[in-house]
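Student: So that we are looking at the same thing, I have put the structure below in C-alpha cells.
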Amino acid sequence: MSREAAHMLAAVVWAGLIWFIASRVAHHRRVRLIDDALDAGDPRRARAVARFALRRARWFDRPWLTLLYATALFWDGEFPRALLVTRAVLNDREFSGLRGLLRALEIKCVLLAGDHGEARELLNTHRALLDSTQSMGRITSDGAALDALLRVEEGDADAAAALAAIPDDDSDFARIVHWYRARVGDDARAELVAAADGGGDLFVARRARERYAVLFGEAPAPGGIAPRVRRSTVLAHVREGLRLAALRRSAFSTAVFTVDQALALALLNVAIALLVRCVDYSPRAWFLTVAAFAVTAPVLFFAVVSYVATRPLAGGQVLRRRKHPTLHVAGSFYAAMPVLLVAYFIGTRAAEGRKAHLVIAAVLAAWSLAMVARLLRQVAGRPALIRIAAGCLVVAIGWLAPMHAVADMKLWFGEPDRAAASPPDVAGYFLDQGDRLHAAEEALLPERAGVDDLYFLGIAAHGGEDVFSSEVRAARALFDRRFDTAGRSIALANDPGERSLPAVSTASIRHALRAIASRMNREEDILFLFVTSHGSDAGLAIRPSNRIAHMETLAPMQLRGLLDGAGIRWRVLVVAGCQSGVFIDALKTDSTLVMTAAASDRASYGCAPGRPMTEFGRAVFGEQLAEQQSLVRAFTKAIKVLGEREASNKLTPSAPILHVGAAIAVKLERLEHRLFAAAVVPAVQP
C-alpha cells in the first residue's frame, strides 16, 4: 500500500469514527427525548419522537427504538396497538436480546386490555424468562409484580398481601401497583393520589384521577401534564467544567449526564484538539492525517480509561448516588478537558529546554489527577481512598502518558518550516536536472547502419515509493545485458532515495524521446518504453520526490502526442500502474506493441515501499524477459503467471492487456533473430 493510500485509509477510518460517534450522539439524544416525554407524563409526545427516530434509525438501533415506541403506546393506553407492535417483532432474531422485556410488555398489554386468562397463561409459560431478564429503566420485567396484579384480577384473597410485598419506587410501573392497591387496599385515597400525582397524561394517572373523582367527588391535586423535564445542556456542563478545572468543591456534585451529552462533549474536545493546532497552518502547508489521528485518540480513549478507572470502585461495592459512575466521570472530565487541552498545547509549545518541558508536564499532570480524584471521590465516597488512587494511576497511564506524547504535535507542516531549516535552491535544482538530462542524452550511442537497434527509455514517475525507481533500474540493467541496449538506454526517475537519475516530468520525457529519436534510425530502429507509477482513469501520476517541482498526470493522449512528436515509428510500450488499460486505445497502432499492467477498471499489485519490483514488474522483467527470447512470448506468459498468482492469493484479477500490431510483430521477430541467433543450435541433418 502506498503512503498516500495509507494516509487516505487513516483519514477514512478517522472520519468514520467521528461520524459513528456523532450518530451515537443523535441516537441517544432521541432516546433521552422519549424518556423525558414519559417523565413529563406526555406519552403522545414520546410516541411522536419514537416514530421520528424509527424512520431514521439504522438496523442496529431499531430493536431498542421499537421497544420504546411500543412502551410509549402502552403508557398512552393504546394497548391493542402496543400489543400489535410487540408481537410483530417478538420472534425476530435481531430482537432476541430484548425478548424478555418484549414478553413482559406483551403480558402487561394483555392484562390491562382485560384478557386475564391469556395473561395468566403467558405469565406461567414465560415466568422463567421474565425472572432472568433485568429491567431497564421504566421497562420492567418483574414476574412477581405481574403475578400480584393478575391475582387481583382473579379475585385471589391474598392479592392485597402480594401487592404490599412489592417495593415502592419512583418508577411509572409503581403507579400501576398503586392503582391496583387502591382496588383492594384500605387506603384508596392515598393510593390513588400516588398513582395520579405527577403522572400527567399517562393512562394510569388518567384512570386514577377519574376513579378519585367518582369515589370522593373531587379531583386529586396536583395532576394534569407535568412540566417538561429540563436537563443540563452541553454548554451548562462546560461552565461547570470550568469550576472543576478551578478545583471548586461543588463542581458536578449533583450533575447527571446522559450518553449523548458525554459523546457531544467528547466531539467538542476533538474539535478543540484540532483547532488549537491550526496556528501552524500556512497556505502551502501539508495536512498530516496520521497526526490528526494521534492528537484526537487520547481524547476519545478517555471514555475507555474512565471505565477502567471506575472498575476498582465497583469491585469494592462503594459506589453511591451514581447509576452510571463511568458516565459521570467521563462526562465531567470531558466538560473540563477543553481547559486542559489548551493548557497542554500552550504549555508544551512555550517550554524551552527539556527541564522546563518536564516541569510544565508535571504541573499539568498533577492538575489533571486532582480533577480525576475529585470526580472519583464523588462516586465512591471517602472510605475508598486506595481504590481512588488506583483509578488515578489508570488515568495517569492510559490518558496522561498519551497526552504528553502528542501535546506539541503539529497537524500542519508548511513551507515556512522547511524554509527555516534549509531554504530550497530552486534555480540550482533545475540547473542540476538540466545537466543530468543533458549528460544522459550525450551518452546515447548513434544507430548502426544495417542493424535494427533497440533503444530503451525507463520512466519511474512516482517519487512517493522507491519500488518504481528500483523497478526501472532493474529493467534497464536487464535490457542492457540481454537485449543489446547498453549505451542506448536512458532512465528517468523521481527517486525518493539517492536521486541520482534525471527527474521525471512531461518536459524531461519530451527531451528524452527527442534525444533518442535524434540518435536512432526512425524507420528501422525500435523504442522500448517502460513507464511505471500509480495510475487512475486519468492516466499515470507524475509526483516529484521534493516540493520544488509540480505534480502532473501523464494522460494517454498526452503520451501518444509525445511519441508522435518525436517521430518514432516502431514502438514497444509497457505501461505499469492501476487502471493502466486506459492507455491501450490511445497508443495502439499497426507498428506498436502495447502492454498494460491492468485493465482500465482494475488495480495492479505490489507497489509497497521497500519492494524491489511490483508484481507486474517481477513477472515481466524479473522472470519472463530474463529467460524468453521472444518479447511477445514473454509478455503472454507473464499475463498467465500473474493471473495464477492473483487467483491463488484470492485477489481481484488485474487483467493485463497486450496489443501486438501486425507490423511490429514481424519487426520484433527480426530483432529477436539478430539478438539470439547465436543461441540457436541448428538441427542435425540425417
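Basically this note's numbering = 1-based index in the sequence shown + 3. Glycine residues also receive a C-beta, built at the ideal position from the N, C-alpha and C atoms. Since this is a predicted model, take the numbers as computed values, not measurements.
(1) With a threshold of 16 other CB atoms inside 10 Å of the CB of I642, please say whether the residue is buried or exposed.
(2) Since I believe L76 is in contact with R756 (beta carbons under 8 Å), could you give me their beta-carbon distance rounded to a whole number of angstroms?
(3) Tell me, which residues are paired with H662 by DSSP?
(4) Kindly indicate which three-state DSSP category Y183 falls into: helix, strand or coil?
(5) Note the first and the last residue of the continuous alpha helix (DSSP H) segment covering A2.
(6) Within a Cβ cutoff of 8 Å, which residues of the same chain sit near K670, ignoring the five residues on either side of it in sequence?
(7) Does the count of Cβ pairs from the region 430-441 and the region 501-514 closer than 8 Å reach three?
(8) Could you tell me whether the Cβ atoms of F459 and F531 are closer together than 8 Å?
(9) Taking 8 Å as the cut-off, does the region 56-70 touch the region 189-206 (at least 3 CB pairs, one atom from each stretch)?
(10) Excluding the 5 residues flanking T509 on each side, which residues of the same chain have their C-beta closer than 8 Å to its C-beta?
(11) Counting C-beta neighbours from all protein chains within 10 Å, is the total for F638 16 or more, i.e. buried, or is it exposed?
(12) Under the rule that 16 or more other beta-carbon atoms within 10 Å means buried, what is F98, buried or exposed?
(13) Taking the straight line between their C-alpha atoms, what separation do you get for G226 and W370?
(14) Going straight from the alpha carbon of L271 to that of G613, what length do you get?
(15) Buried or exposed, going by whether 16 or more other CB atoms sit within 10 Å of the CB of R90?
(16) How would you label R242, buried or exposed, when you count the other beta carbons within 10 angstroms and need 16 or more for buried?
(17) Relative to the alpha-carbon of D540, which residue among A162, S583 and D118 has its alpha-carbon at the smallest distance?
(18) The ligand ADP heavy atoms versus the CB of D435: any closer than 7 Å?
(19) State the DSSP-derived secondary structure class of V232, mapped to helix, strand or coil.
(20) Need the endpoints of the alpha helix (DSSP H) that E474 sits in, please.
(21) Nearest to R522 by CA position, among L343, A680 and E450, is which residue?
(22) Among residues of its own chain, excluding the 5 on either side of V578, which ones have a beta-carbon nearer than 6 Å to its beta-carbon?
(23) Between the Cα of A168 and those of H181, G158 and E157, spot the shortest distance and give me the residue it belongs to.
(24) Sorted by chain position, which residues of the same chain lie with C-beta nearer than 6 Å to A622's C-beta, five sequence neighbours on each side aside?
(25) What is the rounded straight-line gap between the Cα of L495 and the Cα of W415?
(26) Starting from the C-beta of K326, find all residues in its chain whose C-beta is less than 6 Å away, skip the five residues before and the five after it, and write them out in chain order.
(27) Give the DSSP-derived three-state secondary structure of R421 in the structure shown.
(28) Quick check: what's the CA-CA separation for L403 versus P301?
(29) According to DSSP, what are the bridge partners of M139?
(30) DSSP has R502 in a bridge; who is on the other side?
(31) Quickly, what does DSSP pair G538 with across the bridge? List them, please.
(32) Just how far apart, CA to CA, sit H25 and A18?
(33) Would you mind stating whether L218 and A191 have Cβ atoms separated by less than 8 Å?
(34) Exposed or buried, what is Q264 when buried is set at 16 or more other beta-carbons lying within 10 Å of its beta-carbon?
(35) Skipping 5 residues on each side, what residues in its chain have a beta carbon closer than 7 Å to that of L654?
(36) Just verifying my parser: in three-state terms, what is the DSSP assignment at L460?
Tutor: In short:
(1) Position 639 of the sequence shown, counted from the first residue, corresponds to residue 642. Under this definition I642 is a buried residue.
(2) Only positions 4 to 689 of the chain appear in the structure, and residue 756 is not among them; the question remains open.
(3) Counting from one through the sequence shown, the residue named residue 662 turns up at place 659. DSSP, once it has assigned bridges, lists V597 as partnering H662.
(4) Taking the sequence shown and counting its residues from 1, one reaches residue 183 at position 180. Helix, per DSSP.
(5) Because the chain is modelled from 4 through 689, residue 2 falls outside the range shown and cannot be assessed.
(6) Translated into positions along the sequence shown, residue 670 becomes position 667. So the qualifying residues of the chain are D455, I529, W573 and S594.
(7) yes
(8) In the sequence shown, the residue the question calls residue 459 occupies position 456. In the sequence shown, the residue the question calls residue 531 occupies position 528. Yes, the pair counts as a contact, with Cβ atoms nearer than the cut-off.
(9) no
(10) If you number the sequence shown from 1, residue 509 lands on position 506. Result list for T509: I545, E555, L557, Q561 and L565, in chain order.
(11) By 1-based counting over the sequence shown, the position of residue 638 is 635. So F638 ends up on the buried side.
(12) Numbered from 1 along the sequence shown, position 95 holds the residue referred to as residue 98. That one is buried.
(13) One-based indexing of the sequence shown puts residue 226 at position 223. One-based indexing of the sequence shown puts residue 370 at position 367. Model confidence at G226 stands at a pLDDT of 44, short of 50, so the residue's coordinates are unreliable and nothing is read from them.
(14) Along the sequence shown, one-based indexing puts residue 271 at 268. Along the sequence shown, one-based indexing puts residue 613 at 610. The alpha-carbon atoms of L271 and G613 are separated by roughly 40 Å.
(15) In the sequence shown, residue 90 corresponds to position 87, counting from 1. The residue in question, R90, is exposed, as its Cβ has fewer than 16 Cβ neighbours within 10 Å.
(16) Your numbering for residue 242 matches position 239 in the sequence shown. Label assigned to R242: exposed.
(17) Counted from its first residue, the sequence shown places residue 540 at position 537. Measuring from the Cα of D540, the nearest candidate turns out to be S583.
(18) In the structure shown, the ligand ADP is absent, as is every other ligand, since no ligand is present at all.
(19) In the sequence shown, residue 232 corresponds to position 229, counting from 1. Any reading at V232 must be qualified, since the residue scores a pLDDT of 45, below 50, and its modelled position is unreliable; the value itself is stated next. V232 falls in the coil class under three-state DSSP.
(20) As a position in the sequence shown, residue 474 is number 471, starting the count at 1. Per DSSP, E474 belongs to the alpha helix (DSSP H) from V470 to R485.
(21) As a working note, residue 522 is residue 519 in the sequence shown. Here the closest residue by C-alpha is E450.
(22) For the purposes of this step, residue 578 is taken as residue 575 along the sequence shown, with counting starting at 1. Once the five neighbours on either side are set aside, the close Cβ partners of V578 are V534, F586 and T599.
(23) Translated into the one-based positions of the sequence shown, residue 168 becomes position 165. Of the candidates H181, G158 and E157, the one whose C-alpha sits nearest the C-alpha of A168 is H181.
(24) Translated into the one-based positions of the sequence shown, residue 622 becomes position 619. So the qualifying residues of the chain are A641, V644 and L645.
(25) Locating residue 495 in the sequence shown gives position 492, counting from the first residue. Locating residue 415 in the sequence shown gives position 412, counting from the first residue. Each residue's Cα considered, the two are about 31 Å apart.
(26) On the sequence shown, residue 326 is found 323 positions in, with the first residue counted as 1. With a pLDDT of only 49 at K326, under 50, the local geometry of the prediction cannot be trusted, and the value read off the model is given with reservation. If we look at K326 and ignore the five residues flanking it on each side, it has no Cβ neighbours.
(27) On the sequence shown, residue 421 is found 418 positions in, with the first residue counted as 1. For R421, the pLDDT reaches just 44, beneath the cut-off of 50, and the residue's location in the model is therefore unreliable, leaving the point undetermined.
(28) The count along the sequence shown starts at 1 and reaches residue 403 at position 400. The count along the sequence shown starts at 1 and reaches residue 301 at position 298. CA-to-CA, the gap between L403 and P301 works out to about 8 Å.
(29) Your numbering for residue 139 matches position 136 in the sequence shown. The secondary-structure analysis by DSSP pairs M139 across a beta bridge with I142.
(30) Residue mapping note: residue 502 aligns to position 499 of the sequence shown, counting from 1. In the DSSP output, where bridge partners are listed per residue, R502 has none listed.
(31) As a position in the sequence shown, residue 538 is number 535, starting the count at 1. Note: G538 sits in a beta bridge opposite L543.
(32) Numbered from its first residue, the sequence shown carries residue 25 at position 22. Numbered from its first residue, the sequence shown carries residue 18 at position 15. The residue asked about is misnamed: residue 25 is Ala in this sequence, not His. In a straight line, the C-alpha of A25 is about 10 Å away from that of A18.
(33) Numbered from its first residue, the sequence shown carries residue 218 at position 215. Numbered from its first residue, the sequence shown carries residue 191 at position 188. Yes, they are a contact pair.
(34) Working through the sequence shown from its first residue, we reach residue 264 at position 261. Buried, because 16 or more other Cβ atoms sit within 10 Å of the Cβ of Q264.
(35) For the purposes of this step, residue 654 is taken as residue 651 along the sequence shown, with counting starting at 1. Here the set comprises Y608.
(36) As a working note, residue 460 is residue 457 in the sequence shown. Under the three-state reduction of DSSP output, L460 falls in the strand class.
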